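So the mapping is simple: the numbering used here equals the position in the sequence shown, first residue as 1, plus 74.
A short worksheet on the structure shown next.
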Amino acid sequence: MSEMSDLGEGDPDRHGIGAEAGGGLVGAHVLLGEREPDAARRIARVLRAHGAATVYAVDSPAGFLRAGADPPPPVRFWDAAVWDAGLSEDDAALTEVLGRWRAQRPGVPVVVTDDAPSARLAVAALRGRAADLVERADPEGLAGVVARVIAERADPLGVEGAGRSALRMLVVGAHPDDVEIGAGGTIHRRTRGGWDVTVLTMSRGGGGGDPARRRKEAHRAAEVLGARLLMEDLPDGSMADDRATVQVVERAVAEVEPDVVFVHSESDTHQDHRAVHRATLVACRKVARLACYQSPSATVSYRPNRFVELSEADVEAKLAAIAAHRSQASSRWYLDEDLLRSTARYWGRFSQTRYAEPLELVHDSTPLGYYHADYS
Ligand SMILES: [Zn+2]
75 MSEMSDLGEG DPDRHGIGAE AGGGLVGAHV LLGEREPDAA RRIARVLRAH GAATVYAVDS
135 PAGFLRAGAD PPPPVRFWDA AVWDAGLSED DAALTEVLGR WRAQRPGVPV VVTDDAPSAR
195 LAVAALRGRA ADLVERADPE GLAGVVARVI AERADPLGVE GAGRSALRML VVGAHPDDVE
255 IGAGGTIHRR TRGGWDVTVL TMSRGGGGGD PARRRKEAHR AAEVLGARLL MEDLPDGSMA
315 DDRATVQVVE RAVAEVEPDV VFVHSESDTH QDHRAVHRAT LVACRKVARL ACYQSPSATV
375 SYRPNRFVEL SEADVEAKLA AIAAHRSQAS SRWYLDEDLL RSTARYWGRF SQTRYAEPLE
435 LVHDSTPLGY YHADYS
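Pasting the structure below:
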């Protein structure tokens, strides 16, 4: 069986950026298993009209699993997959291909299509834990369902529907790249779920390279995560937890009015990180929720009590955002991609998914039961 080609001019650098609140296919990379080239082209056209960046079509179970495990460059990850049930010989084969997909890509939802979905097929799809079942001849309906399952994956608890159009998060870091390393996956997950996320970087990183270059890299990294960047100019290497530092954070808090703030932990060997932590604690005394992310310089006293589940796409976006800090990559051991990925994998053991980022919740003044239990 032959593989069909990429049916869209994908721009993998744009993942997630501009994704509308609650979903949409903007920037999404979709793998499409479909038996007929004409039907594949028709479906791809509709998905792309809804904003999909890439639709890559295959026409066999082997091709589907191969592309799933190893996306064809320049695609680095899939946001969702679509599987034509007609490509599976019978119900057992359908359950099997879905099961194998799930084993290799647990975070990526699969929508099953069929000419006339039956109750029996629904059971087989359910056994394979498909995200949904859609009529094959209805590409518009399919586009809506794919957008929905991507949005649900980004935020399975549906927090963006909690009564306001968008929740707001402020993430504070002492230096460019601190926030991406500590909370890049969570930021991506939130922006995909419709949150407004602002990154506040307290210095321009003059201690680690040319500030102009680092500034450009920081903007690029925030863009990859779908966040806005505020950049201050405190002295890199000699920050204090004094009134001036508190005021910098207070200004951002007044502007953003965040529902949640993330910052460095107190349990950190870097003096700038500790100073920013303390100043943020003071500046955020009236913010409902404050939690600390893990920096590479965190000590063993860092004790996370919340774990944010990350999808494959969240992890990829985090790595892409960190890679944007190119000037640091060669000189910093903690920017090693293998280490970053395996750290997220390690924390995944405390959540229900493969990858996670840890948080140390410092205070939460929302009434119990008012928000759901996901404190990120
Ligand atoms: Zn730092």
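Every residue, glycine too, gets a C-beta built ideally from N, C-alpha and C.
From a predicted model like this one, the values you see are computed outputs, not experimental measurements.
- A straight line joining the alpha-carbon of Asp158 with that of Val220 spans about 14 angstroms.
- For Asp252, the uninterrupted alpha helix (DSSP H) run begins and ends at Asp252 to Arg266, by DSSP.
- For Arg264, the closest C-alpha among the options Thr354, Gly300, Asp251 and Tyr130 is that of Gly300.
- In the structure shown, Glu434 falls within a strand segment according to DSSP collapsed to helix, strand and coil.
- The three-state reading of DSSP puts Trp269 in coil, since its state is none of H, G, I, E or B.
- Taking 8 angstroms as the upper bound for CB-CB distance, Asp133 and Gly160 are not in contact here, some 10 angstroms apart.
- Inside the segment 96 to 127, DSSP marks whole alpha helix (DSSP H) runs of 4 or more residues at positions 111 to 123, from first to last along the chain.
- Note on the segment 361 to 410: whole alpha helix (DSSP H) runs with a minimum of 4 residues are 386 to 397 and 400 to 403, in chain order.
- Scanning the segment 306 to 343 for uninterrupted alpha helix (DSSP H) segments of 4 residues or longer gives 317 to 330, listed from N- to C-terminal end.
- Taken through DSSP and simplified to helix, strand or coil, Leu241 comes out as coil.
- Shown in chain order are the residues whose CB sits closer than 5 angstroms to a heavy atom of ligand 1: Ala248, His249 and Asp252.
- The segment 206 to 219 and the segment 298 to 317 do not touch, with fewer than 3 CB-CB distances between them shorter than 8 angstroms.
- DSSP places Glu291 in no beta strand (DSSP E) but in the uninterrupted alpha helix (DSSP H) bounded by Pro285 to Leu299.
- Of Ala398, Val100 and Arg423, the smallest CA-CA separation from Gly258 is found for Ala398.
- Rounded to the nearest angstrom, the gap between the Cα atoms of Arg174 and Ala199 is 13 angstroms.
- If you check the CB distance, Glu254 and Ala349 do not come in under 8 angstroms.
- Contact between Val323 and Thr354 is confirmed by a C-beta separation of about 5 angstroms, below the 8 angstroms threshold.
- Given a length threshold of 3 residues, each whole run of the beta strand (DSSP E) inside the segment 146 to 186 is given here in chain order: 154 to 158.
- Between Val185 and Val156, the C-beta gap is smaller than 8 angstroms, which places the two residues in contact.
- Taken through DSSP and simplified to helix, strand or coil, Ala131 comes out as strand.
- DSSP places Asp189 in no beta strand (DSSP E); its state is neither H nor E.
- Here the segment 325 to 341 makes contact with the segment 371 to 379; the two share three or more CB pairs at distances below 8 angstroms.
- DSSP places Gly247 in the strand class (E or B) of the three-state scheme.
- Excluding the 5 residues flanking it on each side, Val120 has same chain C-beta neighbours closer than 8 angstroms at Pro213, Glu214, Leu216 and Ala217, in chain order.
- Pairing His347 with Asp310 gives a Cβ-Cβ distance that is not under 8 angstroms.
- In the displayed model, Asp346 falls within a helix according to three-state DSSP.
- Partner residues in the beta bridge of Thr275, as assigned by DSSP, are Gly247 and Met305.
- Within 10 angstroms of the beta-carbon of Tyr420 lie fewer than 16 other beta-carbons, which makes it exposed.
- For Val182, the closest of Ala167, Ala204, Leu364 and Ala196 by C-alpha to C-alpha distance is Ala204.
- In the three-state reduction of the DSSP assignment, Asp206 falls in the strand class.
- Closest option to Val100, judged by alpha-carbon separation, among Asp333, Asp342 and Arg222: Arg222.
- A Cβ-Cβ contact shorter than 8 angstroms links Glu386 with Phe151.
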